[in-house]
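A.B. asks: Residue numbers (our numbering), protein chains in the order written: chain L, 37 to 131; chain F, 13 to 486. Okay, handing you the structure first.
As structure tokens, then:
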């Protein structure tokens, strides 16, 4: 896969990044290098290698449905850049 | 050219667990904003999810009831998207190995709607626009509430079919006890996919998606309106665009969402923080054993064992809560017909008066049964029983105390007083007596009423009936 400027545009939109025009060439080149590296990995023959997986868990081992305490709201919102009326405040996203 | 509708549903069902799907925060509805939030569901770095066993059990129970194949091993995947309703910037969902595949549900018409899959995921938070500051406020109480997404194949041919399916699914989920099923609180939400194609064609047309329809009627309306819009486009020789549209039920029309909201690239990948879960035969047989009685089995039993009418059974079977009340009363010795009459009569009337759904019913069953036993024992009359039942419903009153305080107990009226009252009523109502003797049985009820009034409502109606019949024979 090759990254072209249309793909970069799409990625910027998904990531909500406003990338200045003068930086685009450099970023395009860097992303291309990363993908080239992935290509090296793709050349490996993994035909006979079992996929790595986390050890599966039985249902009995899962967390029981017992509510526990939540976090103190004031402490939680201390980490929010902006808060109002007990809610996180972000730039307008809904109409 | 004639067109037909091809429509599929994605139904999001909030499961009624006590804690969230990946953390122990409460799932209670309506708390102060951000009071049911912890490092896991607010997406703090380093916080790790732990899967709620009850969510897996409820999803498996639903799958078994819908005839699905349950995956021997189920996994979670990350669905990446940037939107402030999910602070992690991804939703933990299932793509590659959902818990259930296949299965389906028959419509009223007998047509079978196939399911594609059921997967588990976490709900998102609630966003509210603040008009004063022109900002968006985020409340993450709902973020992490367990959801099942029930996805159908595109088998619906009309909005009415989709609505019928939703109604049947809602009833089933209610009886399975896996969800509160309150559409107005958002515990069931449906997305619909709609396309149209020339009748007889097998190919699928371009489809649009409408999100977050929050009533069954809205689903029927949205499908019909969207199909009409697409047919009109095609008749004008224009193309249908694949897009997500927002249904406005008040305007009765849908609107394309901005293209940015249409930019979807979820970059799914296996969730590295949660191990796969093994659903072995031991687990499945335990789920089967704990399966509650389902509406179809209940219907058969209500007709055969309780002797209820088809009509009464059908009304009861719309609500698991009403069925629980009925069975509770019968278990407390109230005859089945009587229990059904009070449940469908007085209890539904009181709920309607308060604008409540049967699911919201709160009543002390034991006290209700005691009020009905007073009636059955002939210690109070029907009007008094209705007052006692209302007092039990409204204030949890003790029926014996209530009847005593309000003088509702029937008194043993002496034979002398009884015949005197009957004689007086007959003398005062010569016309009615004549009509009765001429063969009109209708006036008998009227005469009983007069006698009860003469005895100030305290006599036992059976004795009054008997005394009146005898007096009229003479």
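The C-beta atom is built at its ideal place from N, Cα and C for all residues, glycine as well. Just so we're clear, the structure is a prediction, and the values are computed from it rather than from any experiment.
(1) Using a Cβ-Cβ distance cut-off of 8 Å, determine whether residue 117/L contacts chain F.
(2) Rounded to whole angstroms, what is the Cα-Cα separation between residue 83/L and residue 175/F?
(3) Spell out a yes or no on whether the region 397-412 of chain F and the region 431-439 of chain F are touching, meaning 3 or more CB-CB pairs, one atom from each, closer than 8 Å.
(4) My output table needs one value for residue 129/F: the three-state DSSP class, helix, strand or coil.
(5) Taking the alpha-carbon of residue 290/F as reference, which of 87/L, 93/L and 111/L has the nearest alpha-carbon?
(6) Relative to the C-alpha of residue 297/F, which residue among 168/F, 326/F, 77/F and 43/F is closest?
(7) Taking the alpha carbon of residue 37/F as the reference point, which residue from 464/F, 134/F, 468/F and 324/F has its own alpha carbon closest?
(8) Which residue spans inside the region 61-128 of chain F form an unbroken alpha helix (DSSP H) run of at least 4?
(9) Closer than 9 Å, Cβ to Cβ, to anything on chain L: give me those residues from the region 49-81 of chain F, in chain order.
(10) Express the C-alpha separation of residue 55/F and residue 136/F in angstroms, rounding to a whole number.
(11) Kindly indicate the opening and closing residues of the beta strand (DSSP E) around residue 266/F.
(12) State the start and end residues of the unbroken beta strand (DSSP E) segment that holds residue 15/F.
(13) What does the alpha-carbon distance come out to for the pair residue 355/F and residue 24/F?
(14) Expressed to the nearest angstrom, what Euclidean distance is found between the alpha-carbon atoms of residue 31/F and residue 160/F?
(15) Does the beta-carbon of residue 481/F have 16 or more other beta-carbons within 10 angstroms, so that it is buried, or is it exposed?
(16) Under the assumption that residue 190/F contacts residue 27/F (Cβ atoms under 8 Å), give the Cβ distance between them as a whole number of angstroms.
(17) Got a sec: which bits of the region 56-82 of chain L sit with their beta carbon under 9 Å from any beta carbon on chain F, in order along the chain?
(18) Report yes if the CB atom of residue 98/L is closer than 8 Å to the CB atom of residue 63/F, and no otherwise.
(19) With a threshold of 8 Å between beta-carbons, can residue 114/L be considered close to chain F, or not?
(20) Using a Cβ-Cβ cut-off of 8 Å, state whether residue 295/F counts as contacting chain L.
(21) Counting only C-beta atoms, is residue 281/F closer than 8 Å to chain L at any point?
(22) In terms of alpha-carbon separation, which member of 171/F, 483/F, 413/F and 188/F lies closest to residue 439/F?
(23) Could you confirm whether any beta carbon from chain L is found closer than 8 Å to the beta carbon of residue 135/F?
C.D. replies: Taking the definition as stated:
(1) Interface flag for residue 117/L against chain F is unset, since no Cβ pair is found closer than 8 Å.
(2) Taking the straight line joining both Cα atoms gives about 48 Å.
(3) No: fewer than three Cβ pairs fall under 8 Å.
(4) Shown here, residue 129/F sits in a strand according to DSSP, grouped into three states.
(5) Among 87/L, 93/L and 111/L, the Cα nearest to that of residue 290/F belongs to 93/L.
(6) Looking from the CA of residue 297/F, the closest CA among 168/F, 326/F, 77/F and 43/F belongs to 77/F.
(7) Of the residues 464/F, 134/F, 468/F and 324/F, the one whose Cα lies closest to the Cα of residue 37/F is 134/F.
(8) Runs of the alpha helix (DSSP H) inside the region 61-128 of chain F: 65-77.
(9) From the region 49-81 of chain F, only 49, 50, 51, 53, 54, 56, 62, 63, 64, 65, 66, 67, 68, 69 and 72 have a Cβ closer than 9 Å to chain L.
(10) Cα-Cα distance, rounded: 12 Å.
(11) Residue 266/F -> beta strand (DSSP E) spans 265-268.
(12) That run of the beta strand (DSSP E) goes 15-26.
(13) So the two alpha carbons sit approximately 31 Å from each other.
(14) Each residue's alpha carbon lies about 15 Å from the other.
(15) Label assigned to residue 481/F: exposed.
(16) The pair is a contact, with the Cβ atoms about 6 Å apart (cut-off 8 Å).
(17) Of all residues in the region 56-82 of chain L, none has a Cβ within less than 9 Å of some Cβ in chain F.
(18) Yes. Within cutoff.
(19) Not an interface residue.
(20) Answer yes: the Cβ-Cβ gap between residue 295/F and chain L drops below 8 Å somewhere.
(21) Not an interface residue.
(22) The shortest C-alpha separation from residue 439/F is found at 483/F.
(23) So, not an interface residue.
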